[in-house]
Amino acid sequence: MRYVEITNSMRKNPLSCIFFLIGLVIILFVVATLFNLIFKTLFLNMEGFRDILNDPAVISSIWLTMYTSFLATLIAMVLGIPLAYVLARHDFFGKQIIESFIDIPVIIPHTVAGIALFSLLMKRGAIGGFFESIGIVFQDSMWGIVAAMLFVSYPFFVNAAKDGFASVNPNLEKVARTLGASQSHAFFHVTLPLSVRHIVSGAIMSWARGVSEFGAVVVIAYYPMIASTLILYRFNTGGLAESQPIAVLLIIMCFITFLAFRLASKKKW
Amino acid sequence: MRYVEITNSMRKNPLSCIFFLIGLVIILFVVATLFNLIFKTLFLNMEGFRDILNDPAVISSIWLTMYTSFLATLIAMVLGIPLAYVLARHDFFGKQIIESFIDIPVIIPHTVAGIALFSLLMKRGAIGGFFESIGIVFQDSMWGIVAAMLFVSYPFFVNAAKDGFASVNPNLEKVARTLGASQSHAFFHVTLPLSVRHIVSGAIMSWARGVSEFGAVVVIAYYPMIASTLILYRFNTGGLAESQPIAVLLIIMCFITFLAFRLASKKKW
Amino acid sequence: MLEIVNVSNDWNGIFALKDITLKVNDGEYFVILGPTGAGKTLLMEIIAGLYYPDSGKVSISNKDVTQLPPEKRNIGFLYQDYSLFPHYDSRSNIEYGLKIRKVPKSERETIIEGLSSMLDIGHLMDRDVTTLSGGEQQKVAMARALAIRPDILLLDEPFSALDEATRNRLIGDMKELHKKERITTVHVTHSQEEAMILADRIAIMMDGRIVQVGEPKEIFYKPENLEVAKFVRIENIWDVDVIENSDKGLLVRLNGYEVLTPPYSKEIGERARLLIRPEDIVLGSGENTSARNRFMGTVESIEYRGFFNMVRIDCGLPVVAAITTQSVQELGIEAGSKVGVFFKSTALHVVPI
Amino acid sequence: MLEIVNVSNDWNGIFALKDITLKVNDGEYFVILGPTGAGKTLLMEIIAGLYYPDSGKVSISNKDVTQLPPEKRNIGFLYQDYSLFPHYDSRSNIEYGLKIRKVPKSERETIIEGLSSMLDIGHLMDRDVTTLSGGEQQKVAMARALAIRPDILLLDEPFSALDEATRNRLIGDMKELHKKERITTVHVTHSQEEAMILADRIAIMMDGRIVQVGEPKEIFYKPENLEVAKFVRIENIWDVDVIENSDKGLLVRLNGYEVLTPPYSKEIGERARLLIRPEDIVLGSGENTSARNRFMGTVESIEYRGFFNMVRIDCGLPVVAAITTQSVQELGIEAGSKVGVFFKSTALHVVPI
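Right under this line is the structure:
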C-alpha cells in the first residue's frame, strides 16, 4: 500500500529541514554537471555548437539514434502490452521467474549484454545465421542497434505498463463482462484506455533508455554510428571541444522529444 | 491506487492465453541471449573460462567494478535517504522540479553523462580543480569511476527509498509523536526500520546499475579499467573468444552478490 | 429462478465457500447477510460467472449456467465501489451494455429516458462520473445494471460506501424500485438494518457457509444457533436447566425462577440456552400483567439510542430491554430504580448449548 | 480542560476548518459528530499538535499549547486504523511511550500489568500485532495511548473499522472505562449511535464548522437547523404557518389542523418548519388520549427494524412513527389500516425555514 497523504509541512520539523539540505547535495551534483556542460558549450563555444548543427555526420547519427530507439520501443510495446496485462491480472505457476527475466537486462552490465547479443545475432551466431538467410543482418547494422536497445529498454516499458494495468480497478472489467462484453472488448474499451497514461510514460522511458544506451550497442554495431558512439569517437579524436557540442545537442533533442510526448499524453487518467 | 487483487485464473480467458504467448517472445529473446552466451562459454570454451579465472587483470577489474559501485551506492544512500524521506513526506514549492532532477540521469545518454562529468571533474574543470587541490583526482582514477556510477545509479536508490517511505503509514509517525517521540526518534525507530526492505532493494538496484555502467565511466576514466571496459578492450583485441568468458564471469559474480543481498534482506516488511 | 447447488470453492484457503446451496425465487428480494470476510462477494461473482466454482452447479431459470461466461448470463452486477467507467459520462456508462447488444440508438434513448426518470438521474446524464457523489454514482451504476433488463440483479454491499443519510434515502428508493419492478435480486450485506428493511428472505452466511435461511422475523427471533443469535444482536442469552417437558412447552429453571418456553424437544435435566430479544422484554412497576414469566430487578443503566432506549437491568442475571422513551418517562425509571421484568413465553427461543 | 478558540485552517480549500471554538471540560466525554469529510480528523490533529492552525489558539489546562510540538502535549491519540507499530509485539507497542519517557522497567511492568487487566489483553501481550483482529488491535492501541497517562484522549473514529458485533461490545467497554477513569476524551465519529451511547456532550460539525453543541437529547430533539435535523434523522419535517403566538406557545396551521407547539419567537403569518422525532409519535385506534395534537391517517408500510418498527402513515401529510413490535400487535395495524396519530406539544420543535 502506498500512502499518498502528505503528512505535514516542513515548517517546524527540524529533521526534515536538515534532511532537505543533505539531499540538496546530490541535486546540486546533477545540476552543476549539466549546467557546466551546457554553459561551456552555449556561452563559451557557440561557434563549435553552430558547426555541429551543420555537420551531417552528427545530425544523421542523432536521427539514427532516435529512430532506432523508436523502433525498439514499438517492438517493446507490441510484445510488452500483452505480457504486462497477463502479469497484472493473473497469478500462475512460474510468474515470479518470468518477472525476474524481465528485470535481468537492468542488472546486466551493458558491454556484457552487447557481447551476449553479438554472440547470438552475429552472422555466424545461433540465430543471426537464420536471420541473415531471410535478409536481416544485425552485425554492424541498424537492426543490431535496435536489438541492443530493445534488450536494455523493454523492462522499463513492461514494468510501467504492468503498473498501469494494475492501477485499473479489476471490477471495471468484471462489470463490463456482466454487461455483455467479451474479455477482449473489456480490454480494448475499458482497461487499455484507462492505462494509456502509464503506457505512454513507459514508452517514453523505454525510448529514452534506448537513446541513452552505448555499451551494448557499440559491441554489436560500432557502425552505423549512433550519437553516443560518435560522441566518444570525437572525444577520443578531438577532445572536449569537439564532443561537448554534440552532447549538448543530443541533450536538447532528447528533452524536446521527451517534453513533447509528455504534453501530448496529458490526460486525466 | 494499485489494485493487488488477482482477478481471475487464466483458465477460460482466451485473450489472456493469447497475450501470454505473445509476451513469451520477449522472454525467449532474453533467455536465448543469456543461455547462448553461458552455454558457449561454460560448455564449449571451458578452458578459456579457466584461463580467465587466473588472469589477474580480469579479477582485479571485476573487484574494482564491484568496489567502486559499492562506494557509489554508499554515497547515494547517505545523501539519498534524507532526500527520499523529505520527498515522501512533504509537499513544498519546487518539489516537482527536484523530482525531475532526480530522474534526469536516467534519460541522459551515457556518453553524454560521461562528457558532462569529465568536463566538470577533470583536473582543469570547474570542480575538479578544487578537488585536486585537496587530493582527490577524478580523471582516470577510481574516484572518477565512482562519480560516474553515482551519477547514473542514484535515481534508482532515491526512487526506491521514496517508495519505501511512502509505503509507511504516516499515522505511525504521528502516533509516535503523540507518545512523546521527537521527529528524529520517530524516524529512526519507526519509519526507517519499516522501510528497510525498500532501502535494501534500492541499494541493490543502485549497485547493479553502477556495475552495469560503461559509457559514462569510459569517458572520465578509461583507466583503471572496470570490467566493462576490459571486456570491450578484449573484444576489440581478441574477439569473442577472449571477451565471452569475462562476460560470463561478471554475470555470475553479479548474480551471486545480487542473490546474497536479496536473501540477507528477506524480512517480513 | 436462481439455484445454487453444492457450490464449493477452495482458494488457497482464503475466501473459501463450503457447500453452498440456495434457491432464490423469481421476483424475490433475497439478502445474504454475514460478517465481512464470510465469502459473500465470491459467491456473487460465481453467480455472475466471473469465477468458476471448484465444484457444484449454478442454474438460472432451470438452465445450468455453471460453465457459461459472464457476458452470456444477462445478470446485472452492482459493486460496492459502483465501478463506473471513469472515461465515460453517465449516459455512456448506462449505454455500454446496450451498445454491446447493438440496440438501435432510438431504442437506447427510450430505455435511458425511462431509467433516468425512474431513478431521478436526468440531471446527471452528461456529467463526468468522477465528479458524482457516492449516492449519485450508486444510482448511475444501478441504471447501468438495469439497462440490460437483467434476469437477476446482484448487489454487493450497495449501500456501505454511503453516508448514513444518503444510505437511508437510497434504501427507501430501492424498496420502492423492487416493489415496482420485481426483479429477482440477490443483495449481500453485513448490515442487519438493510436486511430487515429490504429482504423477502435472508440467508445468514458465516465462514463460507450458509447457516440459516428464512424470513426476516424467523432469523431475528428464531436463530438457528448461538452464533447467529449473537450476530442478530439478541442480547439476552441465558443458560438454563430443563425441569419439565410437556405439550405446553419446556419448563426451565432460570435464576431460581421457573419459566415456561414454547415446545422444543429437550430431555429433562438437559442444559439449554434461552434467548429473548431486548424489545420483547416489557418493564412494569408492579405485577399487573398476565405474563407468567417475571422477575424483579434493579436498573443499571438507561442508554438513549434515538428511536428507543436500551435498559440494562440486574435481576440476579443480566437483562437487556429495548423500550420507548415514553415508557421510560411513564415508568419514571432511572439507574437504581426497582423494576418488574416481564416477557411472554411465546417470545422465548431455545437453542442448543 | 481543553479549549479551542477561533481555530481556522485553509488547506488549499480542502479539509478547511472555519473558526472553530470549543471547550471540553475535565473528565468529560465529548463527541464531535459529523459526516465524512467535515474536517474532524484535521481538528483532532490540530489538538494533538500534528498540524498547526493558520489562526486561532489551542489551550490545555489554561496553558496555550498552540505552538507546542506533539511530543510535549501528553495527549493520547487513537487513529481509526489503530496504527500499531507493525515491527513490535503488543507489549513493545504499549511500552513505546514509557521507554521514551525513560520510565524504569519495573514501573513499566506495573503500568502494563494494570492496563492489561483493565482492558483484558493479557493474552495478546507477546503476539505480533499484525496477527491481531480489529477488536484486539483497538484494545492494544488503546492501552498504548493510556500508558502515558494522557491528559486528554483523542479518539478518531475508534469503532468504524470494526464489524457490528465487535463494535457494540467495544462501545460498551469504552463506556465502562470512561466511567472508571474519567479521562477527558474527545471522540470524533459519523455514527449517531456511538454519540448517543457515549457522549456527555455532542458537537455537530459540518463542512468545517461547529453547527451546534449540547447534550445528546438537546441535539437529537432540538436541532439548531434543518441540516442538523436531517443528520440526526428527524424524519417528520413539516412546513407550517404561524396563526397565533401566546405564552403557551405557537399555534400553527398544519395540514388543515391547528397544532400547538412550545413557545418560540415567531411572527403571526410567518412560515416555520415543525419537527418531531418518529419515536415521539404515538399511534392509537381512537381518541382516548390527552394529546391535543392528533390526526387520522392510513398506514402505508410497517418496516421491522429489530428493536422497533418504522411505520409510515399518510395523514394528508407524511408521518413516520417508531413504535415497538408489541404496539404493532396490540393495535393490530398493517398496511392500509386506519390509525390515530398523536403527539404531545412538548415534543414539537420549530426551526427557521
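Protein chains in written order, with numbering that gives the first Met the number 0: chain G, 0 to 268; chain C, 0 to 268; chain B, 0 to 352; chain Z, 0 to 352. The beta carbon of each residue, even a glycine, is placed where N, CA and C say it ideally should be.
CB contact check: residue i to chain D, cutoff 9 Å
i: N167(Z); result: Any reference to chain D falls outside this structure, whose protein chains are G, C, B and Z.
Reduced DSSP secondary structure (H/G/I, E/B, other) of residue i
i: E278(Z); result: helix
i: V310(B); result: strand
i: Y81(B); result: coil
i: Y66(C); result: helix
i: Q211(B); result: strand
i: I242(B); result: strand
i: H188(C); result: helix
i: I3(Z); result: strand
i: D278(G); result: A question about residue 278(G) goes unanswered here, because the residues of chain G that appear run from 0 up to 268.
i: M204(Z); result: strand
i: V3(C); result: The predicted position of V3(C) is uncertain, since its pLDDT is 44 and thus under 50; a value taken from the coordinates is nonetheless stated next. Here V3(C) sits in coil by DSSP.
i: I301(B); result: strand
i: R72(B); result: coil
i: W268(G); result: Only weak support exists for where W268(G) lies, its pLDDT of 42 falling under 50; the value from the coordinates is given anyway. W268(G): coil per DSSP, three-state reduction.
i: A160(Z); result: coil
i: P104(C); result: helix
i: F156(G); result: helix
Residue i classed as buried or exposed, judged by whether at least 16 other C-beta atoms fall within 10 angstroms
i: H348(B); result: buried
i: L20(G); result: exposed
i: L52(C); result: exposed
i: E241(C); result: buried
i: E4(G); result: Note that E4(G) scores a pLDDT of 44, beneath 50, so its modelled location is shaky; the value from the coordinates is reported in the next line. It counts as exposed.
i: V77(C); result: exposed
i: Q191(B); result: buried
i: N7(C); result: Model confidence at N7(C) stands at a pLDDT of 49, short of 50, so the residue's coordinates are unreliable and nothing is read from them.
i: M1(Z); result: Checking the displayed sequence, the identity of residue 1(Z) turns out to be Leu instead of Met. When all chains shown are included, L1(Z) counts as buried.
i: H86(B); result: buried
CB contact flag (residue i, residue j, <9 Å)
i: L152(B); j: I74(B); result: yes
i: N244(B); j: P317(B); result: no
i: P108(C); j: V210(G); result: yes
i: I110(Z); j: K138(Z); result: no
i: E223(Z); j: V239(Z); result: no
i: V29(C); j: I103(G); result: yes
i: V350(Z); j: R272(Z); result: yes
i: I45(B); j: V6(B); result: yes
i: F18(C); j: L248(G); result: no
i: R168(B); j: G134(B); result: yes
i: F306(Z); j: F230(B); result: no
Residue i beta carbon near the ligand GTP (any heavy atom closer than 8 Å)
i: L258(G); result: The ligand GTP is not among the ligands present in this structure, which contains no ligands whatsoever.
Cβ neighbours of residue i in the same chain (closer than 8 Å, five flanking residues each side left out)
i: F186(C); result: Y84 and E172
i: M195(B); result: P215 and F219
i: P149(B); result: N73, I74, G75 and I182
Cutoff 6 Å; reference residue i; Cβ partners in own chain excluding five residues on either side
i: Q325(Z); result: none
i: P262(Z); result: G248
Proximal residues to residue i (C-beta, below 7 Å), its chain only, five neighbours per side dropped
i: E27(B); result: T183, D199 and R200
i: L83(B); result: N92, V128, Q136, V139 and A140
i: G283(B); result: G339 and F341
Please list the residues of the region 110 to 125 of chain G that have a C-beta atom closer than 9 Å to any C-beta atom in chain C, keeping them in chain order. For the region 110 to 125 of chain G, which is checked against every Cβ of chain C, the residues closer than 9 Å are T110, V111, A112, G113, I114, A115, L116, F117, S118, L119, L120, M121, G124 and A125.
Residues of the region 60 to 81 of chain G whose Cβ lies closer than 7 Å to any Cβ of chain C, in chain order: L78, G79 and P81
Chain G contacts made by the region 27 to 54 of chain C, where a contact means CB separation under 8 Å: F28, V29, V30, A31, T32, L33, N35, L36 and K39
Which residues, taken in chain order from the region 205 to 227 of chain G, show a beta carbon closer than 8 Å to some beta carbon of chain C? A207, R208, V210, S211, E212, F213, G214, V217, V218, A226 and S227
Give me the subset of the region 138 to 158 of chain C whose CB atoms are less than 8 Å from a CB atom of chain G, sorted by chain position. L149, F150, Y153 and V157
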